[in-house]
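First the structure, in the form of structure tokens, and then the observations on it.
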Amino acid sequence: MNARTLPIPVGDMTAEQAIVFELDGQPVTAHPGETILKAAQRHGVDIPHLCYTDGLRPDGNCRACVVEIVGERTLAPSCCRAPAQGMKVQAASPRARKSQQMVVEMLLSDMPDKGYRWNDGEKNTPELIAGSAYSSSASGPFDSNISATVGQHGELSAWASRMGVAVRPALKGLRREQPAPDLSHPAMAVNLDACIQCNRCVRACREEQVNDVIGYAQRGAESKIVFDLDDPMAESTCVACGECVQACPTGALSAKTRIGSQVVDRKVDSVCPFCGVGCLVTYNVKDEKIVSVDGRDGPANHGRLCVKGRFGFDYAHHPDRLTMPLIRKPGVPKEVRPYGADWRDTFREATWDEALDLAAAQLKGLHGTHGPKALAGFGSAKGSNEEAYLFQKLVRTGFGSNNVDHCTRLCHASSVAALLEGVGSGAVSNPVNDVERAELILVIGSNPTANHPVAATWMKNAAQRGAKIVLADPRVTDIGRHAWRTLQFKADTDVAMLNALIHTVIDEGLVDEAFVRDRTSNFDALKANVMACSPEAMAPVCGIPAETLREVARAFAQSKASMILWGMGVSQHVHGTDNARCLIALCAVTGQIGKPGSGLHPLRGQNNVQGASDAGLIPMMFPNYQRVDNAGAHAWFEDFWGTKLDEAPGYTVVEIMHKALAPDSDPHKVRGMYIMGENPAMSDPDLNHARHALASLEHLVVQDIFLTETAWLADVVLPASAWPEKAGTASNTDRMVQMGRRALNPPGGARPDLWIIQQIATRMGLAWAYEGEESGVAAVYDEMRQAMQASIGGITWSRLERDSSVTYPCLAEDDPGQPIVFTEQFPTPTGRLKLVPANVISAAETPNADYPLVLITGRQLEHWHTGSMTRRSAVLDAIEPMATASLHGEELARLGVQPGTMVGIRSRRGMVQVRVRRDDGTPRGAVFMPFAYVEAAANLLTNAALDPFGKIPEFKYCAVAVELLPGSSAGA
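Using the working numbering, the first residue of the sequence shown is number 6, and each one after it goes up by one.
Given below as structure tokens:
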């Protein structure tokens, strides 16, 4: 949840702005915009309240917070009422107290005998007692050693206890007829017999998350909370973000894992392990298992979570977890086995010493026989910054080459290439929630409600406040419901459409002349390149009417602040770098960068893909994006690490797969690999080729928490730690370095990733010594900070332990960090943004008579990346249990199939079987498939053609055919 309009902080308030009023006979001061309730809390007086909670709009419907104002006839709800100069407020007068107690008693009288959210996890602390308007209960002064629970109904019981309220038997006898429970949803229980109709869930759903599912129906005694049209929760359009559960004061809406007792063994603050938004969370641990997750008030989420962050935690406890090192049995063929296959047929258990010795010895032997280019490593964007830093250091100093990469190559490599070329930095210019200051928000090639759900809430909130959202995408996704204009352009025509927008800005005199003159270069070349790209010329190419293109271009240029957010629909093309160049140019020629509410934001896909890239887990860059072939950077790192380093950039993910299948005569043939926390046997394009390459390696070491598709091809498998089992930092899409804390120990014989990397390094002959707790994570971080002084020099480990999150660039310990960058200059050699023209080019593979449809791949809300984690979460897999392919209704009619029919989808590289789903947001002539399902792996179909600059594969465009399977009924 998120507080919308904050009062002026004390330090920023002038004497003229202060509002002085009297509270229970004492003079107090309120800030402009502050309510009586909040001012009282700040002065140590906690007025009873139930329908109000921090982060939600005050509603004033429960009347538990009423106060008496001298001179006014009626009592006023303090959560909604602002104080005035000289006002005399009585929160604890007999009249106010009687009314407050009556409200609580009446609500309590309708509660069931057994509640759903017990207060047994809290005590009446001295601070709580001192801050209450009620210092004693009906039975005498509060005792801080006595549990706060008098009943079992959460905040309602807590207030009844503090106010000395007990329900009279006569009132209890008038209890309402209790509604039946709704237990249809796999994650949440609906028990409206405990509902006090405070509307917190309605506001959380409709105003914070903006999902518009929960409503308030009927009138009077029949009024109730409903989902959609009074549907069971599981059958409604609920997206299971759980915001309503977090908002509910009584447990009427509860996580099924937390009904009843609220006692846990410990609460551990950390960071969500899924997408790049970087939501801060609190793990609730009981009996050494995470039983629930709460959203924390972090700078990226302000308490909000999505279904994965709130309910996708139990993958860490799945019985498939690896708990002992495994070594491949001699002679067993390397192949990806189906889910559920017995690993004992392929591997045997080993001790850690045996497995580590074998892993390192084989890698070292290949290095000695064939040279440093024979080895490569894939690190992980799902791990910590410290792990990423050590992993790339191991490859560079132990393997002796720059053959190190990770999933950024498959996500935003082209975006980073264009950003480094144009603005001198691969990171975002403004944080996501800066959209609150934008007048126009261009969302292109991204489905944020599925891929970055909490980030999408800020966009929806902005639309509620009047900002214009422009959705540009071949697929019309959920964010389109909030869009001012939707540009459903033809797949593969991004450059044509964007050049038309740039052309309009120049042609209609909308260029920010001062910005272009003072802060950019190469404008004349850009102008000449787009002269032939008028909206009228590009409309037939991209499918968007010329007048609509001009209208959007004008609005973007003329708004006070326009911001662009994009996803992998922009980057995963052979022209991905050109797509991003156009976005950079559009921002630059309109002056929409370097100020609040503007700029460029490529939404990062994984929790630490930004941090892993920052830490140097890419083949052409040392930490902090210093090129390995830059003589100065190369010399610095040789001195820093005390060893000779390879001077040539290494190979990328897809190139390494090609090199694994190179002839023996190739001096750069890759023969051995170390893969940590990545699953290229599911995530790479053209999986048959990728799996063949992995199986052809002479030695493959895989370090993971599950026996993934990649691990089935390994010679040695090392059982590692899940995110809640490690300490370390991660950097989110907003450039926030955030602290993750260990909540659990790894299961069985599994070990922390940081420890495993150091053990391999030692056996490779590296004299590393990182002392301290948690495998020396603080020492590793400090070394990484030294290597990245220009960005995180001011972010010390102790500062992160204290603050949890700090934004970079941050150059000194008293530097608050810079959420908005490029305000005065760009970190390029000239200090100017370089405009780079882009020409219209086609995809590497286009449809024809045999393959008439376009395949678009991506993610879905419930499942993340290759599904190794989310498909082992009971809630997430229950909501989306099977692979599907989405087609437009007209396309299904043309094919003669009904939703739910099993079909075959075939490309030039492979074929999968999957059930079809109707989605009229998917364009005609296209198929959309998520790639998280091993039984229908979308990447068996995708094309490995690369963008020439970012070396990213073209996941978002290849030609396919859909065909009815023999024996399948068109209506099945």
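Cβ coordinates follow ideal geometry from the N, Cα and C atoms, glycine included.
- Following the DSSP letters along the chain, one finds P53 in no beta strand (DSSP E), marked with neither H nor E.
- For I623, the closest of K387, K334, N408, V939 by C-alpha to C-alpha distance is N408.
- By alpha-carbon distance to H322, the top candidate from L897, R877, I910 is R877.
- For M92, the secondary structure class from DSSP, reduced to helix, strand or coil, is coil.
- Where P724 is concerned, the enclosing beta strand (DSSP E) starts and stops at 721-724.
- Within the region 285-324, the beta strand (DSSP E) runs of at least 3 residues that lie entirely inside it are, in chain order, 285-291, 294-300.
- Exclusion of the five residues before and after H893 leaves D925, T927, R929 as the residues of its chain whose Cβ lies within less than 6 Å of its Cβ.
- In the structure shown, the three-state DSSP call for N613 is coil.
- The beta-bridge partner set that DSSP reports for A222 consists of K229.
- The region 280-288 and the region 300-307 touch, with three or more beta-carbon pairs separated by less than 8 Å.
- In the structure shown, C210 adopts helical secondary structure according to DSSP, grouped into three states.
- In the same chain as S241, and ignoring 5 residues on each side of it, the C-beta atoms closer than 7 Å to its own belong to V218, F232, D233, in chain order.
- Distance from the Cα of E77 is smallest, within the candidate group L554, Q95, E829, for Q95.
- Q615 has its alpha-carbon roughly 20 Å from the corresponding atom of W463.
- G733 is bridged by DSSP to G745.
- For the 8 Å CB-CB criterion, G156 and G120 form a contact.
- Around the beta carbon of S803, a 10 Å sphere encloses fewer than 16 other beta carbons of the protein chains shown; the residue is thus reported as exposed.
- By the beta-carbon neighbour count (other beta carbons within 10 angstroms, threshold 16), L712 is buried.
- Taking 4 residues as the minimum length, the alpha helix (DSSP H) runs contained wholly in the region 890-941 are 894-900, in order along the chain.
- Annotated as distal: E541 and A533, with beta-carbon spacing of 8 Å or more.
- Within the DSSP bridge table, the entry for N948 names E959 as partners.
- In this structure the region 743-750 lies against the region 799-817, because at least three pairs of beta carbons, one per stretch, are closer than 8 Å.
- Contact between C249 and C206 holds, since their C-beta atoms are separated by about 4 Å, short of 8 Å.
- Taking 8 Å as the upper bound for CB-CB distance, L310 and D709 are not in contact here, some 25 Å apart.
- Shortest Cα-Cα distance from P254 to any of S275, N204, V290, D292 involves N204.
- Bounds of any beta strand (DSSP E) do not take in Q22, whose DSSP letter is neither H nor E.
- Contact check between the region 727-741 and the region 386-398: three or more CB pairs, one atom from each, fall below 8 Å, which counts as touching.
- At a Cβ-Cβ threshold of 8 Å, V500 and A843 count as neighbours.
- In the displayed model, S189 falls within coil according to three-state DSSP, outside both helix and strand.
- Considering only L197, I74, T862, A942, the residue with the shortest C-alpha distance to G572 is T862.
- Sequence-distant partners of D758 (beyond 5 residues in either direction) whose C-beta falls short of 6 Å from its own C-beta, in its chain, are G388, E392, A725, S726.
- Between A848 and H578 the beta-carbon gap is near 7 Å, inside 8 Å, which marks them as a contact.
- Contact check for D691 and R923: beta-carbon distance about 29 Å, past the 8 Å limit, so the pair fails to qualify.
- Contact annotation: the region 950-966 touches the region 579-587, with at least three C-beta pairs closer than 8 Å.
- Within the region 396-459, the runs of alpha helix (DSSP H) at least 4 residues long that lie entirely inside it are, in chain order, 418-427, 453-456.
- Between D523 and Q493, the alpha-carbon positions lie close to 35 Å from each other.
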